[in-house]
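For the sequence shown, the positions run 5 to 367 when this note's numbering is used.
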Amino acid sequence: MTQKTAVPFARKLLVPTVVYTMLVGGLFLATFQFSLYYMAAEYGFGSTMMGLLTSVQFAFMILFTIPLGKLADKIGNKKVYIFQSLCTTVGCLLLFSRLGGMFGILLGVFLGGAGYGLLALLSTTVVTEAFPENSGRYVSLACVGFSAGSMLGPTVARPIAAATSWNVPFALVAVLGFIGLLMVFASEFYRSESIPKTKEDKLPLSEILRNPSLVLIGLGIIIYLGIETATGSIMDAYFSETVGAGALSALALSLYWGMMFPTRLAISAYKGTKYPVILVCIVLSAAAFVAATLMPTQLAKTICFALVGLFLGPVYPIMMGTGSSSMPGNTGTVTGFLSTCFGIGAGLIPPVIGKLIALLGYP
């Protein structure tokens, strides 16, 4: 009778570490989106500048995720994950302290965005390499952690900011980010034996671009993240200025992100064909978004935005899970490409939407 080998604690800690750091990433993103309106009020920003600040948050993803994905394939995910946790912690400390005035805030947004952006790369890469047969399930579980953090962000930030200032909630995110850093140090980052060793020669970008499925997934991520991020970024301003229901803004933003939680949890257990799920989710979320703008009451608008989040939930983990597992042995490089698409959509589409809002004369 063969005896089962005990799994080391450091290896058991890997999945909780990924889920926890994703929770912190979601907490940072939602806290930033909640604070953006109050930051704009203090510094006199318009909707275009708010969109540009969102672009700064995603600039790192656009510029550096492909080379860092290649680096992770060469030196291992753990070292890059440590860098990610440091970016989150330092970025939040800069936003909290406001050292250096506006430059310090921009640097804090950039570094916090770098930490958040690297999570899109690393969380997918780590679980895909550790669990290649169930990569979609574990990517979805990681996204559940992100949704939980995004839901908590505005709920926690609002009372703290109301009692103090918009920057104070970032101190809490910095502390939680530091705990995540300690968890990363304590975890064992391993690769399944079924995954081939990384090729010595670099996987060129041209090879990825010749893969029609990956290009299609990349374009889908650009469009999806642009819409998802823009919706979250304007939520507080929309409820405060257009609807006249500032008291509901934090609840609406929390529900928007939080309602992604159940559908991402459900898709992690779903074993059927997932592409039809994407199509159904996009149609339903678009219908809910249109309904939100047409509904006459504040409560109905809040519920409709919650439904937008509910239906959007499964789209991202399906696309990232499918794409990242398409080229075993080069997971970091491929996920780096997809994360760059993430940054392009999330970083470039919100400023365009902000400019459109300004041109249309909305507050």
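Positions of the beta carbon are idealized from the N, C-alpha and C atoms, including for glycine.
May I ask you to report which of helix, strand or coil DSSP gives residue i?
{"i": "Ser329", "result": "coil"}
{"i": "Tyr228", "result": "helix"}
{"i": "Val179", "result": "helix"}
{"i": "Lys16", "result": "helix"}
{"i": "Trp170", "result": "coil"}
{"i": "Leu103", "result": "coil"}
{"i": "Ser151", "result": "helix"}
{"i": "Ser89", "result": "helix"}
{"i": "Met324", "result": "helix"}
{"i": "Gly119", "result": "helix"}
{"i": "Asp205", "result": "Only weak support exists for where Asp205 lies, its pLDDT of 46 falling under 50; the coordinates are left without a value."}
{"i": "Met299", "result": "coil"}
{"i": "Met26", "result": "helix"}
{"i": "Phe247", "result": "In the sequence as presented, Phe is not what sits at residue 247; that position holds Val. Looking at Val247 - three-state DSSP - the assignment turns out to be coil, as it is neither helix nor strand."}
{"i": "Gly276", "result": "coil"}
{"i": "Ile353", "result": "helix"}
{"i": "Phe236", "result": "Just to set this straight, residue 236 is Gly in the shown sequence, not Phe. Reduced to three states, the DSSP call for Gly236 is helix."}
{"i": "Glu192", "result": "coil"}
{"i": "Phe38", "result": "helix"}
{"i": "Asn215", "result": "coil"}
{"i": "Met264", "result": "helix"}
{"i": "Phe32", "result": "helix"}
{"i": "Pro136", "result": "helix"}
{"i": "Phe49", "result": "coil"}
{"i": "Gly370", "result": "Nothing about residue 370 can be reported from this structure: the residues present for the chain run from 5 to 367 only."}
{"i": "Gly80", "result": "coil"}
{"i": "Leu363", "result": "helix"}
In chain order, what residues of the same chain have a beta carbon less than 6 angstroms from the beta carbon of residue i, not counting five sequence neighbours either side?
{"i": "Tyr142", "result": "Val131, Phe135"}
{"i": "Leu122", "result": "Gln88"}
{"i": "Thr339", "result": "Gly73, Leu125, Thr128, Thr129, Ser328"}
{"i": "Leu352", "result": "none"}
{"i": "Gly140", "result": "Gly325"}
Going by CA-CA distance only, name the one from the options that's closest to residue i.
{"i": "Val287", "options": "Lys275, Val177, Leu314, Ala270", "result": "Leu314"}
{"i": "Ser151", "options": "Ala295, Gly29, Leu125", "result": "Gly29"}
{"i": "Val16", "options": "Leu103, Gly336, Glu192", "result": "Per the sequence presented here, residue 16 reads as Lys, with Val not at that position. Here the closest residue by C-alpha is Glu192."}
{"i": "Arg214", "options": "Val22, Phe49, Met331", "result": "Met331"}
{"i": "Ala34", "options": "Phe174, Tyr47, Lys78, Gly340", "result": "Phe174"}
{"i": "Lys359", "options": "Tyr47, Met53, Tyr42", "result": "Met53"}
{"i": "Met239", "options": "Ser39, Leu18, Pro12", "result": "Ser39"}
{"i": "Pro163", "options": "Ala310, Phe68, Leu252, Phe293", "result": "Leu252"}
{"i": "Lys83", "options": "Gly140, Trp170, Ala190", "result": "Ala190"}
{"i": "Pro355", "options": "Gly55, Thr297, Tyr47, Tyr24", "result": "Gly55"}
{"i": "Val172", "options": "Leu180, Ser217, Ala161", "result": "Ala161"}
{"i": "Ala291", "options": "Leu311, Leu223, Ile226, Gly262", "result": "Leu311"}
{"i": "Ile227", "options": "Ile212, Ile357, Ser210, Val179", "result": "Ile357"}
{"i": "Val22", "options": "Thr168, Ala295, Val188, Asp77", "result": "Val188"}
{"i": "Ala234", "options": "Lys275, Ile183, Phe293, Leu18", "result": "Phe293"}
Looking only at its chain, what residues have a beta carbon closer than 7 angstroms to the beta carbon of residue i, apart from the 5 residues adjacent to it on each side?
{"i": "Leu255", "result": "Thr306"}
{"i": "Leu229", "result": "Phe346, Gly349, Ala350"}
{"i": "Pro318", "result": "Thr267, Arg268, Ile271, Val281, Cys285"}
{"i": "Leu110", "result": "Val60"}
{"i": "Pro20", "result": "none"}
{"i": "Met324", "result": "Thr128, Val143, Leu342"}
{"i": "Leu257", "result": "Ala34, Gln37, Phe38, Pro158, Gly236, Met239, Asp240"}
Quick one: measure Cβ to Cβ for residue i and residue j, integer angstroms, because I've assumed they're closer than 8 angstroms.
{"i": "Gly108", "j": "Ala63", "result": "Incorrect: roughly 16 angstroms between the Cβ atoms, too far for contact."}
{"i": "Gly157", "j": "Leu31", "result": "5 angstroms"}
{"i": "Gly149", "j": "Met299", "result": "That belief does not hold up - the Cβ atoms of Gly149 and Met299 are roughly 31 angstroms apart, past 8 angstroms."}
{"i": "Gly119", "j": "Cys147", "result": "Between Cys147 and Gly119 the Cβ distance is about 17 angstroms, and since that is not below 8 angstroms, they are no contact."}
{"i": "Met155", "j": "Phe243", "result": "About 16 angstroms; that fails the 8 angstroms criterion."}
{"i": "Ile86", "j": "Leu185", "result": "7 angstroms"}
{"i": "Thr344", "j": "Ile70", "result": "5 angstroms"}
{"i": "Gln302", "j": "Val219", "result": "With a Cβ gap of about 42 angstroms, Gln302 and Val219 do not count as contacting."}
Could you pull out every residue in the same chain whose Cβ sits closer than 8 angstroms to the Cβ of residue i, ignoring the five residues on either side in sequence?
{"i": "Val113", "result": "Phe36, Leu57, Val60, Gln61, Gly95, Leu99"}
{"i": "Asn81", "result": "Leu126, Thr129, Val130, Glu133, Phe193, Gly336"}
{"i": "Glu204", "result": "Legend: pLDDT at Glu204 = 45, less than 50; position of this residue unreliable, no value from coordinates given."}
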